[in-house]
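Using mature numbering (1 follows the signal peptide of the UniProt record, and there is no 0), the letters of the sequence shown correspond one by one to residues -18 to -1, 1 to 479.
The beta carbon of each residue, even a glycine, is placed where N, CA and C say it ideally should be.
Note that the structure is a prediction, hence the values are computed from the model and not measured.
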Amino acid sequence: MAFPRLLLLVAVATVVSANNDWSKPCFEGVCEYDLPASSGASSGTLKIWGSTTSIADVTPAGGWEIIGCSPEDLSQDIRLVCQEGKEADCERLYSNSGASGKIVRLPESCGRGPFAVITNAWVPEDQSIPTEVARSLVRRDGTLPQVQALHLSTEFGAGPKKKGTAVNFAIRAANVPGAKGEIDTSLFERRGSPIKALNEFDVDKSSTVAEVGISRNFPLIDESVSCPPLSAHLKIDVDANAHAAVALGIVVSGTIIPPVINEFAIITGLNAELDGALNVNAGVTGAIDTGKRTLYSVAIPGLDFPGILTVGPSFEINAQAVANLDVNLGLKVGIKYKIDNAQLVFPPNSPRAGNGTFSVVDTPLTLYASPGVVAAGTVEAHLIPTVKLGISALGGIVEAGVFLDVDASANLKLDLHASASGTVVVSPVGSRDITEQLKRRGATPFWSRDETFVPEAGSEIAAAALAEAAGSTTTVTETVTLRETVTVTADLARGFH
């Protein structure tokens, strides 16, 4: 299913030039890293800055040759040697009371992440150097340099505390191309500035946004009880036909040493089409609530700066049925709506929170009941697309989940006498009421908006549309509500200042 252009607005100005130049060392207290470029992949830039003695570089550009390092580990011991003629550069690693406690840039072949903290430095007993490396390291007098050892970790609070060694960081990234580029650190000098910057950066790469979808029937409840001559039964299932495209952007800033998040902003662009139905076959008296059930869940492309920030998103389809019935009937309630360029923002103090078009499409309502039946009650059907974000930052200092829900609920009130069967189309476009609610940190949901679509004149279903026999009385009224909600599962103040 092809969606229209999905516009994602995430932070400052779009620049596509690379910033992590591996030929240049990080000796000036500033270092940048771009996510590897590939077609249709995530993009973004991580920038760190601090004093010249708090950031070091053990890449070949920094004068070092690493001779023992796993490319998969975040925490490990490595061995390294100084290149011929680069002794002055190598001394920078040990300046200002030694290497321990410094943030170090790593080559792409060493470690999963671009940066780590040095928690220990020593001269190892193993002074062996591989032959292919030793050839380029032999000094003029025929000797080889001394092998050094470092312990690297992404537990950034584990290093020794040194005065004046604070290292700042900022990340701007998206799960589509176009978000990498120079980061203006002046934007992060005032609290709230990165949040405002959400309105200034434009990534428009709709063709690269991965689409996900499902078309299946899912059971919610199927129960029966028999105690002759009486019996009761209830079967509820959901037909779900859903397709979505989700784009994700993020802006984060704080300090790596000490590990603290100062600013955190997420924006999700969502296009979705949902064509679903709740099927009820009931011969029961009482109240039923199936609870919120996950029908479908699939991972979507996320963001990963290993050891610094990982965002793992997924797209879910959830459903729920709530009923209070005294009936013996069958009922099919359609839920059909479309979402175009919805901008769901956390935290919600952005003018773009809740932007986008939410439209309810004409939906069929089918009802069938036995002759002579008397039925009354209410039925509430929910079909809820959800973008779920799992967030981990700074070696686990911050762990949180953010849920972005759009809950479409169809509410029906039944008043039925005699027999009825048939199908009509409900067009809930006659009027629309919007209410908004905003809450700040410390409470959930952080932001929600309700849009209620009342059936247009003439779409109330009456006896003339559904009754089989003259003189029967049947009234079924449907109201559709869309509720957008941003919810956080953990207090994001943990690890935040």
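For residue i, the nearest candidate out of the options (CA to CA)
i: Arg198; options: Arg61, Ala23 and Asp257; result: Asp257
i: Gly265; options: Ile379, Glu205, Cys92 and Leu285; result: Glu205
i: Pro367; options: Phe385, Val361, Leu376 and Ile379; result: Phe385
i: Ile249; options: Pro112, Asn157 and Ile111; result: Asn157
i: Ala324; options: Asn253, Gln302, Val129 and Leu365; result: Asn253
i: Ala116; options: Val105, Gly378 and Ile49; result: Ile49
i: Gly11; options: Ser52, Cys51, Val86 and Tyr76; result: Val86
i: Ile299; options: Ile290, Thr276, Ile60 and Leu313; result: Thr276
i: Thr272; options: Val220, Lys370 and Pro89; result: Val220
i: Ala81; options: Gly251, Lys143 and Gly294; result: Lys143
i: Ala23; options: Gly377, Thr167, Pro159 and Lys274; result: Pro159
i: Ile239; options: Ala148, Gly289, Gly312 and Gly294; result: Ala148
i: Thr167; options: Pro106, Ile100 and Thr237; result: Thr237
i: Arg94; options: Ala70, Pro18, Ser118 and Ile111; result: Pro18
i: Ser118; options: Glu47, Pro295, Lys274 and Gly294; result: Glu47
Spatial distance of residue i from residue j (CA atoms)
i: Ala305; j: Val388; result: 21 Å
i: residue 499; j: Phe138; result: No statement about residue 499 is possible, as the shown extent of the chain runs from -18 to 479 and does not include it.
i: Ile37; j: Glu193; result: 41 Å
i: Ala320; j: Glu54; result: Position check: residue 320 holds Lys in this sequence, whereas Ala was assumed. Roughly 43 Å separates the two Cα atoms.
i: Val63; j: Val242; result: 33 Å
i: Ala269; j: Pro96; result: 56 Å
i: Gly359; j: Ala222; result: 24 Å
i: Leu134; j: Gln58; result: 5 Å
i: Asn244; j: Gln109; result: 43 Å
i: Phe9; j: Thr34; result: 6 Å
i: Thr136; j: Asn150; result: 15 Å
i: Gly195; j: Trp31; result: 42 Å
i: residue 494; j: Leu132; result: The requested residue 494 is not part of the displayed model; the chain covers only -18 to 479.
i: Glu73; j: Gln65; result: 12 Å
i: Trp104; j: Ala281; result: 43 Å
i: Val228; j: Pro201; result: 26 Å
i: residue 480; j: Phe297; result: Outside the displayed range of the chain (-18 to 479) lies residue 480, so it cannot be described from this structure.
i: Gly372; j: Gln128; result: 44 Å
i: Pro89; j: Ala303; result: 54 Å
i: Gln130; j: Trp4; result: 22 Å
i: Lys84; j: Leu75; result: 8 Å
i: Ser25; j: Thr113; result: 38 Å
i: Ala301; j: Gly251; result: 22 Å
i: Asn78; j: Ile60; result: 21 Å
i: Cys51; j: Ser91; result: 8 Å
i: Asn102; j: Val369; result: 41 Å
i: Gly378; j: Glu14; result: 22 Å
i: Asn310; j: Leu326; result: 42 Å
i: Gly289; j: Asp322; result: 35 Å
i: Pro106; j: Ala140; result: 21 Å
Residues bridged to residue i (per DSSP)
i: Thr368; result: Glu298 and Asp387
i: Arg82; result: Looking at the sequence provided, one finds Ser at residue 82 rather than Arg. Beta-bridge pairing links Ser82 to no other residue.
i: Trp104; result: Ala131
i: Tyr15; result: Leu28
i: Gly265; result: His215 and Asn310
i: Pro201; result: Asp219
i: Val304; result: Asp271 and Glu362
i: Gly258; result: Ala222 and Ile317
Contacting residues, own chain, Cβ-Cβ under 6 Å from residue i (five flanking each side not counted)
i: Glu255; result: His225 and Lys320
i: Leu152; result: What sits at residue 152 in the sequence shown is Ala, not Leu. Hits under 6 Å: Lys29, Ile165, Phe170 and Ser235.
i: Ser374; result: Thr292 and Glu381
i: Lys217; result: Asp204 and Asn263
i: Pro7; result: Asp39, Ala43 and Gly44
i: Lys68; result: Gly45
i: Ala390; result: Ile317, Tyr319, Leu365 and Leu464
i: Tyr278; result: Ile196 and Ile299
i: Asp286; result: Thr292
Simplified DSSP state of residue i, which is helix, strand or coil
i: Cys72; result: helix
i: Ser206; result: strand
i: Ser279; result: strand
i: Ala152; result: strand
i: Ser57; result: coil
i: Ser235; result: strand
i: Glu114; result: helix
i: Thr34; result: coil
i: Ala227; result: strand
i: Thr136; result: coil
i: residue 558; result: One cannot answer for residue 558 here, as it falls past the ends of the chain, which runs -18 to 479.
i: Thr41; result: coil
i: residue 484; result: With the chain covering -18 to 479 only, the question about residue 484 has no answer from this structure.
i: Arg87; result: strand
i: Glu47; result: strand
i: Asp322; result: strand
Residue i: CB within 7 Å of a non-hydrogen atom of the ligand SAM
i: Val86; result: Absence of the ligand SAM from the depicted structure is noted, as is the absence of any ligand whatsoever, leaving it without description.
Beta-carbon contacts of residue i that lie in its chain and below 7 Å, excluding the five residues immediately before and after
i: Val120; result: Leu126
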